[in-house]
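Position in the sequence shown (first residue = 1) + 13 = my numbering.
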Amino acid sequence: MRIRPLPTLLLSTALIAGGAWCAPDKFPPIADALPPTYTGPVFQRNMDYPNKQPPKDAPWESIDVRKQPREYVAALWRYLMAGMKQADYIPGQNRVHRWYHMPWHHTGRRAREATHGLSRQADIQPFDLSPNQTAPQQKWELTFFNATMAWQQGRLWQSGQPDLRYAEMPPGTLVAKYIFVTGDDTQLPMLKGAPTWQAHINCTIRRDGQKCLRPVRLIQIDIAVRDEQVSDTTSWVMTTFVYDRNKNAADPWQRFTPVGIQWGNDPGITPADIQAGRTLRETVIFNDAPAYALARLGWAGRLNGPTDKRGSACLSCHATASWPPPSSLTPSPKAPDHIKLHWFRNIKPDEPFEPGRVPLDYSLHLMNALKNVAREGEPILTGTPTLKHTPWKAQKETMPSALAR
């Protein structure tokens, strides 16, 4: 396995105390060299995964998402934000909830940068976010997840080789994502006053160009949870928050407003149906969200964040997560509607988007990690999934004792 050597301070430490495991020798956190004069924060990845299934901690599940969508979203936000201010909004330093990261994002075209562990995504094209946006902007994001998902990820990565029998996530899983973009107030005036990090990113839009320290601003926060109250659709609920410069809050991290919530793909509904008066039944859009976000909704008005792929939706894009990767995450813009509807089915967690693939339970983050594993020539273990969708059987065995080294 070809891994660039890293400074000692960037390597995580194997933490055994508290019944946890980690394999830092197999999974370096980053391969990004900072300038020698740099004195700011350095990304510290948390792979101190629990080796026993943690008690469920999912207060949002007491709220009926269909009847009380705003209350459900508010509960997700409260959970995510608990302890974040005291941690300077760095998930790995949170003392209220433990947040974890995934291995194998130190390499590849989305390799983590060194200051905060951000990964570069598809660029924001001119005028995508604002009439003032005359230049393309870089998009960088940080994905992290709770202890429920970390327990299962520990089993998936326990041997150092990904074992896709453990790809299905338990109920109570929560995954969150911070999404940052470049661009100043002239290009993106709606982000005036937004939370800002200094990140070690490309100096220009060129992905293969030199890297330097540049400001990036937080525009979007995504949250996804595995909730069995929607097992009749996808078993996943997704929401997205966007920065609202008009929101009255002294802390810029609290100036975020939800765009909507989605627990199904509303199969069969096309833009023509919406124009004819049909309504979405598995998506709720909050019309008091900022105008720039409402202008960038998904296909036929489904939930989508302003930085997300056009012509898609939160759940439909993530439903394609599989190994090997699908032929396309989103339908072609030129495809007729009856073809596009193939991407807007309600896919179960253990159901492949396309035949002959292993489903990854809506985790594109895992799929991108597997791409890097395959690129390095490492094996990926597949087989019959050990977790069944209905009913979901939580496996109680702990990590093999050989890992407690």
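Think of the CB as a built atom: it goes at the ideal place given N, C-alpha and C, for glycine as much as any other residue.
Using the Cβ count rule (16 or more neighbours within 10 Å means buried), how would you classify Cys-35? At Cys-35 the pLDDT is 49, less than 50, meaning the model places this residue with poor confidence; the figure from the coordinates comes in the next sentence. It counts as buried.
Next on the checklist: Among the candidates Phe-140, Pro-337, Ala-46, whose CA atom is the shortest distance from the CA of Leu-201?
Outcome noted: Phe-140
Quiz prompt | Per-residue burial, Leu-169 [other beta carbons within 10 Å of its own, 16 or more giving buried] | solution = Only buried fits Leu-169, as 16 or more other CB atoms lie within 10 angstroms of its CB.
**Message:** Quick test of the definition: if touching needs 3 or more C-beta pairs under 8 Å, does the stretch 262–269 touch the stretch 297–305?
**Reply:** Under the Cβ criterion (8 Å, minimum of three pairs), the stretch 262–269 does not count as touching the stretch 297–305.
Helix, strand or coil: which one does DSSP assign to Leu-47?
If DSSP states are grouped into helix, strand and coil, Leu-47 belongs with coil.
* To do: Assign Asn-381 to buried or exposed, taking buried as 16 or more other Cβ atoms, counted over all protein chains shown, within 10 Å of its Cβ.
  => buried
* Run of the alpha helix (DSSP H) containing Ile-352, from where it starts to where it stops -> 350–353
Query raised in the report: Looking at Leu-231 and Gln-211, is the spacing between their C-beta atoms short of 7 Å?
Result: no
### Task
Confirm, please, whether the CB-CB distance from Phe-357 to Ser-329 is below 7 Å.
yes
- Task: Leaving out five residues on either side along the sequence, give the residues of the same chain with a beta carbon under 8 Å from the beta carbon of Asp-257.
- Result: Arg-268, Phe-269, Thr-270, Ala-302, Pro-303
Under a Cβ-count criterion, where at least 16 other Cβ atoms within 10 Å of its own Cβ denotes burial, should Glu-154 be classed as buried or exposed? buried
- Message: Considering Cα atoms alone, identify which of Met-60, Met-162, Phe-158 is closest to Pro-116.
- Response: Ranking Met-60, Met-162, Phe-158 by Cα distance to Pro-116 puts Met-60 first.
- Going by the CB atoms, is the gap between Asp-45 and Ala-95 shorter than 7 Å? no
- Query: In whole angstroms, what is the alpha-carbon distance linking Asn-359 and Gln-275?
  - Reply: 12 Å
task = Provide the residue span of the beta strand (DSSP E) that contains Ala-87, from first to last.
result = Run containing Ala-87: none in the beta strand (DSSP E); it sits in the alpha helix (DSSP H), 82–94.
Checklist entry - In angstroms, rounded to a whole number, what distance separates the CA positions of Leu-24 and His-119? => result With a pLDDT of only 31 at Leu-24, under the threshold of 50, the placement of this residue in the model should not be trusted; the figure read from the coordinates follows. CA-to-CA, the gap between Leu-24 and His-119 works out to about 12 Å.
From the DSSP output, which residues share a beta bridge with Phe-254? Ile-234, Pro-271
**Study point:** Three CB pairs or more closer than 8 Å across the stretch 279–287 and the stretch 317–324
**Key:** no
(Q) Once the 5 residues before and after Met-162 are set aside, which same chain residues still bring their CB inside 6 Å of it? (A) Met-182, Thr-186
The beta strand (DSSP E) that contains Ile-298, what's its start and end?
296–298
Would Ile-5 and Leu-89 qualify as a contact pair, given that the criterion is a beta-carbon distance under 7 Å? With the chain covering 14 to 418 only, the question about residue 5 has no answer from this structure.
CB of Ala-453 within 7 Å of CB of Trp-336, strictly: This structure leaves residue 453 out entirely; the chain is present only between 14 and 418.
Mind checking Thr-156: buried by the 16 CB within 10 Å criterion, or exposed?
The residue in question, Thr-156, is buried, as its Cβ has 16 or more Cβ neighbours within 10 Å.
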